[in-house]
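Start counting the sequence shown at 1; every next residue gets the next number (full-length UniProt numbering).
Ideal Cβ placement from N, Cα and C applies to all residues, glycine included.
These numbers were taken from a predicted model, which means no experiment stands behind them.
Just below is one structure, and these are the notes that go with it.
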Amino acid sequence: MTELNKHSASVCLISANEPEQDKLLQSIHQLEHTHTWQIYVMKESTLSAHLSDGLWSENEWEAKWQQHQKRLSHLNDRQTCPILTWLWLDEKRSLLPVKDHHTDQVYYYPLIDCYYPALQSAQTYVVAKLKNQLLQTEDFIDRIRHCPECDSAHLNYVETCVYCHSADIQLFWSNRSGHLDCG
Numbered sequence: 001m002t003e004l005n006k007h008s009a010s011v012c013l014i015s016a017n018e019p020e021q022d023k024l025l026q027s028i029h030q031l032e033h034t035h036t037w038q039i040y041v042m043k044e045s046t047l048s049a050h051l052s053d054g055l056w057s058e059n060e061w062e063a064k065w066q067q068h069q070k071r072l073s074h075l076n077d078r079q080t081c082p083i084l085t086w087l088w089l090d091e092k093r094s095l096l097p098v099k100d101h102h103t104d105q106v107y108y109y110p111l112i113d114c115y116y117p118a119l120q121s122a123q124t125y126v127v128a129k130l131k132n133q134l135l136q137t138e139d140f141i142d143r144i145r146h147c148p149e150c151d152s153a154h155l156n157y158v159e160t161c162v163y164c165h166s167a168d169i170q171l172f173w174s175n176r177s178g179h180l181d182c183g
């Protein structure tokens with residue numbers, strides 16, 4: 001697999017039990033140049049929504065392949081970030097977090113972990129890409145706060161809007177928290 005062309009695409013179809021399928025998905029994304037592949041599974045698993053193009057559909061595959069090839073033809077050697085390339089090649093792909101209370105950060109990003117396993121903070125990566133407008137937010141999931149001493153997100157504290165009780169809030173210049181819509 002080390003001989004793969006940087007911008008060649010392949011289709012990978014995985015049919016395995018859930019734990020093995022998730023390991024295969026992670027392994028595939030850790031290989032060089034596989035970020036240009038289409039990866040399908042025969043059944044859903046914990047990581048399939050994060051690391052695959054979803055369930056294989058014989059009826060839809062050819063149209064998806066044509067669209068993939070069209071987008072692939074626009075790549076050039078300057079586009080080196082495999083995560084951004086993976087996401088860009090199919091508009092249905094997203095960088096989604098997984099909630100895991102057994103980790104200090106509470107959330108982790110399987111896709112980031114595959115491509116950058118030595119990265120100290122996936123959250124810092126996401127914030128940087130958002131700031132540079134290379135990623136965009138879709139849905140608010142949760143707001144987490146980190147301890148300034150140990151960086152753990154396991155705090156017994158939830159900040160919510162005083163009007164509607166949502167955690168999707170912003171700090172106002174008046175030092176009052178809430179939604180712009182709520183008050």
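Check	Outcome
Label H165 either buried or exposed according to how many other C-beta atoms from any shown protein chain fall within 10 Å of its C-beta, with 16 as the threshold for buried.	exposed
Considering only C-alpha positions, which residue in the set E91, Q120, K99 and T124 is nearest to E138?	E91
So what does DSSP say about W173, is it helix, strand or coil?	Caution is warranted here: a pLDDT of 42 is assigned to W173, below 50, making its placement in the model unreliable, and the coordinate value is therefore given only provisionally. Coil at W173, not helix or strand.
So what does DSSP say about K99, is it helix, strand or coil?	strand
Give the straight-line distance between the Cα atoms of L87 and Q38, rounded to the nearest whole angstrom.	11 Å
When the Cα atoms are used, what is the spatial distance from H179 to V126?	In this prediction, H179 has a pLDDT of 42, which is less than 50 and means its spatial position is unreliable; what the coordinates show is noted afterwards. Between H179 and V126, the C-alpha separation is close to 23 Å.
Please classify Q21: does DSSP put it in a helix, a strand, or coil?	helix
Would L55 and Y40 qualify as a contact pair, given that the criterion is a beta-carbon distance under 8 Å?	yes
Compare the beta carbon distance of V98 and P110 with 8 Å and say whether it is the shorter of the two.	yes
Out of curiosity, what's the CA-to-CA distance linking N76 and L130?	22 Å
Near residue 207, what residues of its chain come up, given a Cβ to Cβ distance below 7 Å and the 5 sequence neighbours on each side ignored?	Here the chain comprises residues numbered 1 to 183, so residue 207 is not present and cannot be evaluated.
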